[in-house]
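The next block holds one structure in the form of structure tokens; read it before the comments.
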Amino acid sequence: MQLFGGKGKMLGLLLVLAAFGSFYLGDITAFTTSQKAIAGVALFIIVLLAGISLLKPKKTEEDMIAEQDERNQYIELKCAEKAFRVALYASFMTIIAGMIAFGLTREYAFICLVMGGIVPYGTSRIAYIVSAFRYDKP
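Going from the sequence shown to my numbering is simple: count from 1 and add 3.
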């Protein structure tokens with residue numbers, strides 16, 4: 004599998020160097036702090052999108068055949084399942100940690116942490132229930 008083309012690699016390198024250069028030269032310009040923040044976020048998004056588009060792997064015919072192989076599909080499915088379980092447990096631990104922290108400190112900022120854990124945990128649980136009904140899992 005080819006990850007980079009010759010021109011794409013050079014363009015990506017130039018974009019990364021441009022990003023680093025803009026951060027070093029950012030203090031020289033006469034922008035206010037909020038203008039610098041907006042410019043930094045915009046530059047980050049542009050570099051991120053350019054990097055994603057440049058780093059897409061090119062598939063060969065051999066990769067296409069391997070992708071359709073049942074064993075590889077099974078492995079990919081198992082990896083996705085593990086990633087889903089890890090994310091589920093991480094969001095649950097976020098909820099528990101936020102509740103403990105709120106109980107100890109009475110800081111309401113930890114309520115936001117709890118809510119930030121409840122949303123993905125609840126969504127993943129609902130998705131699990133829906134898929135269980137869809138595939139008739141006992």
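All residues carry an ideal CB built from backbone N, CA and C; glycine is no exception.
Open item on the list: Check whether the stretch 119 to 138 and the stretch 88 to 96 touch, using three or more Cβ-Cβ pairs below 8 Å as the test.
Closed with: As far as the Cβ criterion goes, the stretch 119 to 138 touches the stretch 88 to 96, which means the pair count is three or higher.
Task: Rounded distance between the beta-carbons of G101 and V117, thought under 8 Å - done: Contact between V117 and G101 holds: their C-beta atoms lie close to 4 Å from each other, under 8 Å.
- [ ] Give every residue of the same chain whose Cβ lies closer than 8 Å to the Cβ of Y111, excluding the five residues on either side of it in the sequence, and list them in chain order.
- [x] F105
Task: heavy atom of the ligand ATP below 6 Å from M118 C-beta - done: The ligand ATP is not part of the structure shown, which contains no ligands of any sort.
Task: Cβ of R137 within 7 Å of any chain E Cβ - done: Of the protein chains in the structure, only one exists, and it is not chain E.
- [ ] State the Cα-Cα distance for the pair A90 and E84, rounded to the nearest angstrom.
- [x] Distance from the CA atom of A90 to the CA atom of E84, rounded to whole angstroms, is 10 Å.
TODO: For my contact list, I98 and G120 are in at a C-beta cut-off of 8 Å; report their separation, rounded to the angstrom.
DONE: 4 Å
Task: Contacts around I129, its chain only, beta-carbon distance under 7 Å, and the 5 residues preceding and following it disregarded - done: none
Task: Continuous alpha helix (DSSP H) assignments of at least 4 residues falling wholly in the stretch 86 to 140 - done: 112 to 137
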